[in-house]
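A short write-up of the structure that comes next.
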Amino acid sequence: MSSENATLVDEAGRSDEVTISGVGKPPEQVPIWIVRSGGDLYVRSYRGPTGRWYRSVREAGQAMLGIGGRQLEVRVEPVGDHEQAAINAAYLQKYGHYGPAYIGPMTSEDVVSTTLRLVPQ
Numbered sequence: 001m002s003s004e005n006a007t008l009v010d011e012a013g014r015s016d017e018v019t020i021s022g023v024g025k026p027p028e029q030v031p032i033w034i035v036r037s038g039g040d041l042y043v044r045s046y047r048g049p050t051g052r053w054y055r056s057v058r059e060a061g062q063a064m065l066g067i068g069g070r071q072l073e074v075r076v077e078p079v080g081d082h083e084q085a086a087i088n089a090a091y092l093q094k095y096g097h098y099g100p101a102y103i104g105p106m107t108s109e110d111v112v113s114t115t116l117r118l119v120p121q
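Using UniProt numbering, the first residue of the sequence shown is number 1, and each one after it goes up by one.
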């Protein structure tokens, strides 16, 4: 990974909000919550599997992240059940201060099923 991409990954892991959009089409940038666990970046669809951005990037297998005015192209990969506990903990640690009305859905079964690993290109 280039040093610029490594910097963007670090920024994404620290940022409260990042945007995500599809690649190769007019981008609809959607704000997302992103976490870092075990060195990797993860994202979930707050709207569950029916979320439009989620369906789009899952189908394409790639996405663009908007981080502080810069872009990072990533490959998206589904995540196994064995990784979910650590990812839930990362969401709770980073976003728990928003309270149960927001963090509750992000750790619900339906939303957890949409977890994607983001791998910088």
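We treat Cβ as the ideally placed atom computed from N, Cα and C, and that holds for glycine.
Tell me which residue opens and which closes the alpha helix (DSSP H) that residue i is part of.
i   : result
D10 : S3 to R14
Hey, quick one: how far does the beta strand (DSSP E) through residue i stretch, first residue to last?
i    : result
E73  : R70 to P78
P31  : V30 to I32
D81  : Note, D81: premise wrong, no beta strand (DSSP E); not H, not E.
R117 : L116 to P120
Between the alpha carbons of residue i and residue j, how many angstroms are there, rounded?
i    : j    : result
Y54  : N88  : 18 Å
R52  : S113 : 15 Å
G61  : P78  : 9 Å
A90  : M106 : 11 Å
N5   : G104 : 31 Å
E109 : Y102 : 14 Å
Q93  : G39  : 15 Å
V18  : D81  : 24 Å
V119 : G99  : 29 Å
Y46  : I32  : 8 Å
Kindly indicate which three-state DSSP category residue i falls into: helix, strand or coil?
i    : result
V23  : coil
S108 : coil
R52  : helix
Y91  : helix
Q62  : strand
Y42  : strand
If we define contact as Cβ-Cβ less than 8 Å, is residue i a contact residue for chain C?
i   : result
E73 : Absence of chain C from the displayed structure is noted, only one protein chain being present.
Considering only heavy atoms of the ligand PLP, does any lie closer than 7 Å to the CB of residue i?
i   : result
I32 : Among the ligands in the structure shown, none appear at all, so the ligand PLP cannot be discussed.
Between residue i and residue j, which are expected to be in contact by the criterion C-beta below 8 Å, what is the C-beta distance as a whole number of angstroms?
i           : j   : result
V76         : A63 : 6 Å
residue 150 : G22 : Residue 150 falls outside the range modelled here, since the chain spans only 1 to 121, and no answer is possible.
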